[in-house]
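Below you'll find the structure, written out as structure tokens, and then a few comments.
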Amino acid sequence: MATTISPEQVEGTVRDALPQFGVDETQITRDASFEELDVDSLDLAELSQIIEDEYGVQLKGDDVAKIKTVGDAVDLVVSRAA
Amino acid sequence: MRREVVVTGVGAVTPLGVGARTLYERWRAGVSGIEDGLGVCTEFDPAEHLSIKEARRADRFTQFAMVSSDEALREAGWAGELPYDPARIGCIIGTGIGGIGTLEHGKETLMEKGPERVSPLAVPLMMGNAGAAGVAMRHKLRGHSYSILSACAAGAHAIGASARMIQAGDADAVVTGGSEAALTPLAKAAFAALDALSDTGISRPFDARRDGFVMGEGAAVLVLEDGERARARGATILATIAGYGASSDAHHLTAPRQDGAGAVAAMAQALDDAGYGPQDVVYVNAHGTSTPLNDRAETVAIKQVLGNGVPVSSLKSSIGHLLGAAGAVEAVATILALRDRVAPPTLNYEQPEEGLDLDYVPNEARTLDIDGRPAIALSNAFGFGGHNAVLCLEAP
Numbered sequence: 001m002a003t004t005i006s007p008e009q010v011e012g013t014v015r016d017a018l019p020q021f022g023v024d025e026t027q028i029t030r031d032a033s034f035e036e037l038d039v040d041s042l043d044l045a046e047l048s049q050i051i052e053d054e055y056g057v058q059l060k061g062d063d064v065a066k067i068k069t070v071g072d073a074v075d076l077v078v079s080r081a082a
Numbered sequence: 001m002r003r004e005v006v007v008t009g010v011g012a013v014t015p016l017g018v019g020a021r022t023l024y025e026r027w028r029a030g031v032s033g034i035e036d037g038l039g040v041c042t043e044f045d046p047a048e049h050l051s052i053k054e055a056r057r058a059d060r061f062t063q064f065a066m067v068s069s070d071e072a073l074r075e076a077g078w079a080g081e082l083p084y085d086p087a088r089i090g091c092i093i094g095t096g097i098g099g100i101g102t103l104e105h106g107k108e109t110l111m112e113k114g115p116e117r118v119s120p121l122a123v124p125l126m127m128g129n130a131g132a133a134g135v136a137m138r139h140k141l142r143g144h145s146y147s148i149l150s151a152c153a154a155g156a157h158a159i160g161a162s163a164r165m166i167q168a169g170d171a172d173a174v175v176t177g178g179s180e181a182a183l184t185p186l187a188k189a190a191f192a193a194l195d196a197l198s199d200t201g202i203s204r205p206f207d208a209r210r211d212g213f214v215m216g217e218g219a220a221v222l223v224l225e226d227g228e229r230a231r232a233r234g235a236t237i238l239a240t241i242a243g244y245g246a247s248s249d250a251h252h253l254t255a256p257r258q259d260g261a262g263a264v265a266a267m268a269q270a271l272d273d274a275g276y277g278p279q280d281v282v283y284v285n286a287h288g289t290s291t292p293l294n295d296r297a298e299t300v301a302i303k304q305v306l307g308n309g310v311p312v313s314s315l316k317s318s319i320g321h322l323l324g325a326a327g328a329v330e331a332v333a334t335i336l337a338l339r340d341r342v343a344p345p346t347l348n349y350e351q352p353e354e355g356l357d358l359d360y361v362p363n364e365a366r367t368l369d370i371d372g373r374p375a376i377a378l379s380n381a382f383g384f385g386g387h388n389a390v391l392c393l394e395a396p
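Protein sequence lines correspond, in order, to chains A and B. Quick note on the numbering used here: the first sequence kicks off at 1 and runs consecutively. Quick note on the numbering used here: the second sequence kicks off at 1 and runs consecutively.
Here it is, written out as structure tokens:
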């Protein structure tokens, strides 16, 4: 399962998830920072759960602290899954 | 001299609709918010008042509190800018249970999908202080803030404790009230198991046929201010929290003392605190749950403190029992009724019971003919655990 994950797939998951948290979907780009998107630690905890559910990749507190943008999150998940 | 505590804004979400005036006016007109044995806030749509993020960060009980607080702050003239140093504005919101809908949903997820799927939002939504947290964050209130949990007395305790906070000089204003959203499968089953709920689904306080309470949901929020400061800023004074009394039956987990002694103590204290006597009270907003035990004990208590002459009615006849919100919702309705010099009705009251012989204002609102005397009322709230809280309210 892990070997087939593409950045596009993960970005799609993030794009689907964030609007459920109240994020304006037109603002979601790879370069958008979570701060700009008003995505906080609680949102990231939920997003981590969705990602773990879909890709089996666990994002822990340290990881979450490091990721600043949508692209960071996507790349981290892809690298972990590889 | 003790600081005077005034009410400058009120807000409510109840089974009679969204808005404090809607609540009072529909109750006065004899409208019932109970359908199929439940008092549901059917006119409340969170999307009309809250963003997606705000709504999903709040259990239904917190949503009710936030929307009620918006209305109360608007009326107080606080919208846009707080009139005092935010560190001098407190926030106390009472609840009976807290976010039990979130709790039940989380338990279902745990059982069906496993622990790793339980939402990280479960704790911050279910916690009993989430209502106070939500209101304080929404309006940037940075003073003393917490919740009060005393079952069905919580809303009244919250208002009383808030008045004390202002009197003690710990705050210049407090946003306070009560909120409850417990029309959930577990809560309904649990109250039914206690044999506390009405089998007929009819709330008829003080009537001989009463057979238990009808569960309801909702919230009310009030803006309390130091009277001197409120007047100095030109605020409209809706009412005064003239007195507050509280006591504990220390008797039984669910049953009130049948001699009404705990209720008597709280009512007498509230009057004494206000500096008024029994003859000054022109209306009593009863706890009036429609349970056999409460309505009898409360009648005994009212008679002992005030005698037989004063009009007594129960809002629960129209909206059911809002548990931890009830004391606040009833205080708001009482304030608006006092301003209009009206005693709203006890609905569904037809058959008197021996010994329950107060003037219950059956089925139709009545003008309070008080000849220019001050409009002073008691609003009673009694909770499981034997907690009693009584507010003495006065309207200009």
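For glycine and all other residues, C-beta sits at the position ideal for the given N, C-alpha and C. None of these values were measured; they are calculated from a predicted model.
Please state whether DSSP places threonine 240(B) in a helix, a strand or coil.
strand
Which bits of chain A does arginine 56(B) rub up against, with CB to CB less than 9 Å?
Gln20, Phe21, Gly22
Own chain residues within Cβ distance below 8 Å of leucine 141(B), not counting five before or after
Leu82, Pro86, Ile89, Gly90, Cys91, Val135, Val175
8 Å contact criterion, which glycine 327(B) and glycine 9(B) should meet: CB distance rounded
Not confirmed; about 18 Å, so no contact.
Give the DSSP-derived three-state secondary structure of asparagine 348(B) in the structure shown.
Asparagine 348(B) falls in the coil class under three-state DSSP.
Is aspartate 59(B) near glycine 101(B), with beta carbons less than 7 Å apart?
Closer than 7 Å, so yes.
Between leucine 84(A) and chain B, is the shortest Cβ-Cβ distance under 7 Å, so that the two count as touching?
With chain A covering only 1 through 82, there is no way to say anything about residue 84(A).
Using 7 Å as the limit for Cβ to Cβ distance, is lysine 53(B) near chain A?
Yes, because at least one Cβ of chain A sits closer than 7 Å to the Cβ of lysine 53(B).
Looking at the C-beta of alanine 2(A), does it have a partner C-beta in chain B at a distance below 7 Å?
With a pLDDT of only 47 at alanine 2(A), under 50, the local geometry of the prediction cannot be trusted, and no value is derived from it.
Can a CB atom of chain A be found closer than 7 Å to the CB of proline 397(B)?
Limits of chain B in this structure are 1 at one end and 396 at the other, which puts residue 397(B) out of reach.
Kindly give me the distance between the Cβ atoms of alanine 235(B) and glutamate 228(B), rounded to whole angstroms, as I take these residues to be in contact under 8 Å.
Contact doesn't hold; Cβ gap of about 11 Å is too wide.
Closer than 9 Å, Cβ to any Cβ of chain A: which residues of the region 122-150 of chain B, in chain order?
Pro124
Pick helix, strand or coil for isoleucine 370(B), following the three-state DSSP scheme.
Isoleucine 370(B): coil per DSSP, three-state reduction.
In angstroms with no decimal places, state the Cα-to-Cα distance between alanine 32(A) and valine 78(A).
Roughly 18 Å separates the two Cα atoms.
What are the boundary residues of the beta strand (DSSP E) that includes aspartate 226(B)?
218-226
Chain B contact for glutamine 9(A) (CB, 7 Å cutoff)
Judged by the 7 Å Cβ criterion, glutamine 9(A) is not in contact with chain B.
Does any residue of chain B have a CB that is nearer than 7 Å to the CB of glutamate 46(A)?
yes
Any contact of the region 194-206 of chain B with the region 313-332 of chain B, i.e. 3+ C-beta pairs under 8 Å?
yes
Within its chain, find whatever has a CB closer than 8 Å to the CB of isoleucine 237(B); leave out the 5 residues flanking it on each side and keep chain order.
Val6, Val7, Thr8, Gly227, Ala230, Arg231, Pro396
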